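Heads up: the structure comes next, in structure tokens.
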Amino acid sequence: MAKILLIDNDRASRQILEQALKLYEYDVVTTKRGDEGLTLAVTAAPDLIVMDIDAAGLNGWQAIKVLKESSPTWLIPVIAMAKPAVTSQLLIQTGFDAYVRKPVSARHILQRIETLLTHAAHNFVGTPLSTSSNLRTNKLIKETIARLSGSQCRSEQASVVYVENSTVDNQTLGKIVERAGFSYANISDPLQVLSKLMDFKPQLIFLELVLPVANGYELCAQIRRISVFKDTPIVIVTNHNRMTDRMRAKIVGASDFLCKPIQAKSVLKVLIKYLSPLNIS
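Just so we're aligned, residue 0 is where the sequence shown starts under numbering that gives the first Met the number 0, counting upward by one.
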């Protein structure tokens with residue numbers, strides 16, 4: 000199992016990336032502070048480090064200098080997470096092995112991890128990876144990328160819509176979906192749901208159960224009557240988790256059920272289940 004040290008000052012981003020990595024059986028160690036990250040780089044012995052340039056305490060620029068000048072850590076691949084204003088040339092010259100731009104997509108992080116761990120497996124000096132360990136690591140990385148994003152084309156085309164009038168829930172789900180690498184849109188007006196869906200033509204619909212004017216059950220039944228959405232996955236989002244609610248959702252054509260509060264791990268499981276090519280028969 001590959002171990003990733005994630006140093007990210009943004010709590011929401013850190014939690015989402017941690018959940019995404021753990022969901023696919025990565026061993027993940029996290030901190031928001033660069034100084035703590037340096038300690039963990041030695042004590043936790045990660046296979047790879049993902050470093051926020053804006054890490055608290057010791058920032059990414061300072062931390063990378065220490066990592067690359069210290070014999071226990073200089074061979075560990077480090078991915079920088081940086082704002083678009085920071086030039087790629089500066090990041091590479093400073094010592095980072097790769098970089099991704101903020102806001103960070105889990106798909107892009109996984110692509111960088113595949114490249115760097117594969118390279119490290121061939122060039123590691125010290126305690127070399129066994130052939131079987133190397134193969135297991137590479138297999139895990141490739142499966143993770145395939146499950147989360149499929150082909151480059153499919154990920155960019157995937158569209159997720161959430162019918163919800165709550166700003167907080169909309170922002171929470173939207174952040175999780177976008178950081179997983181998928182496009183996202185919100186429909187807040189129940190009266191415009193059908194027309195907006197025809198515009199977006201999403202591949203996955205999250206549908207709030209309690210809405211002004213209409214409820215999720217009624218809307219789900221209406222959506223299913225439109226031929227283009229006959230097979231589109233519809234996930235009912237609700238505070239209730241009673242058997243009667245689940246049965247009614249199934250009767251009106253819902254594909255799944257998501258209980259609040261909205262959490263990254265639960266949402267990611269839904270994204271993988273309905274948008275991953277590995278689960279398409």
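Here a beta-carbon is modelled for each residue, glycine too, at the ideal position from N, C-alpha and C.
In this text, all values refer to a predicted model and were calculated from it rather than measured experimentally.
7 Å Cβ shell around residue i - same chain, five flanking residues per side excluded
i: Arg111; result: Ile78, Ala97, Val99
i: Lys283; result: Because the chain here runs from 0 to 280, residue 283 falls outside it and cannot be looked at.
i: Arg13; result: Leu5, Asp7, Thr29, Lys31
i: Thr171; result: Ile261
i: Ala62; result: Gly33, Gly36, Leu37, Met50, Ala54
Same chain, Cβ closer than 8 Å to residue i, five either side skipped, listed in chain order
i: Glu177; result: Pro102, Ser104, Tyr183
i: Glu17; result: Leu5, Val27, Thr29
i: Gly94; result: Ile63, Lys64, Leu66, Lys67, Val77
i: Ile225; result: Leu193, Leu196, Met197
First and last residue of the uninterrupted alpha helix (DSSP H) at residue i
i: Lys268; result: 263-274
i: Ser182; result: Element bounds for Ser182: not the alpha helix (DSSP H) but the beta strand (DSSP E), 182-186.
i: Ile175; result: 166-178
i: Ile63; result: 59-68
i: Ala55; result: Careful: Ala55 lies outside any alpha helix (DSSP H) and carries neither H nor E.
i: Lys200; result: Per DSSP, Lys200 belongs to no alpha helix (DSSP H) and is neither H nor E.
C-beta atoms of residue i and residue j nearer than 9 Å
i: Leu274; j: Val159; result: yes
i: Tyr161; j: Val236; result: yes
i: Gly33; j: Ala55; result: yes
i: Ile233; j: Ser254; result: yes
i: Val192; j: Ile222; result: yes
i: Gly59; j: Asp46; result: no
i: Asp188; j: Lys259; result: no
i: Asn240; j: Val209; result: no
i: Leu66; j: Ile91; result: no
i: Leu115; j: Pro76; result: yes
i: Ile175; j: Leu257; result: no
i: Ile15; j: Ala263; result: yes
Strand pairing of residue i, partner residues [DSSP]
i: Leu47; result: Ile3
i: Ile235; result: Leu206, Phe256
i: Ile250; result: For Ile250, which the question treats as bridged, DSSP gives no partner whatsoever.
i: Ile78; result: Val49, Ala97
The beta strand (DSSP E) enclosing residue i, as first and last residue numbers
i: Ser349; result: Residue 349 cannot be examined here, being either before or after the span of the chain that is shown, 0 to 280.
i: Val160; result: 158-162
i: Val212; result: Careful: Val212 lies outside any beta strand (DSSP E) and carries neither H nor E.
Residues near residue i in its chain [Cβ-Cβ closer than 6 Å; skip 5 each side]
i: Leu74; result: none
i: Asp198; result: none
i: Leu163; result: In the sequence as presented, Leu is not what sits at residue 163; that position holds Glu. Same-chain partners within the cutoff: Asn169, Glu207.
i: Phe205; result: Tyr161, Val234, Val236
i: Val212; result: Pro189
i: Leu139; result: With a pLDDT of 44 at Leu139, under the threshold of 50, the modelled position of this residue cannot be trusted, and the question is left open.
i: Leu57; result: Gly33, Asp34
9 Å Cβ cutoff, residue i in contact with chain D
i: Met50; result: The displayed structure is made up of one protein chain only, and chain D is not part of it.
Handout entry: Every unbroken beta strand (DSSP E) inside the segment 85-125 [3 residues or more]
Key = 97-100
Exercise for the section: Give, in chain order, every unbroken run of the beta strand (DSSP E) that is at least 3 residues long and sits entirely within the segment 11-38. Expected result: 26-30
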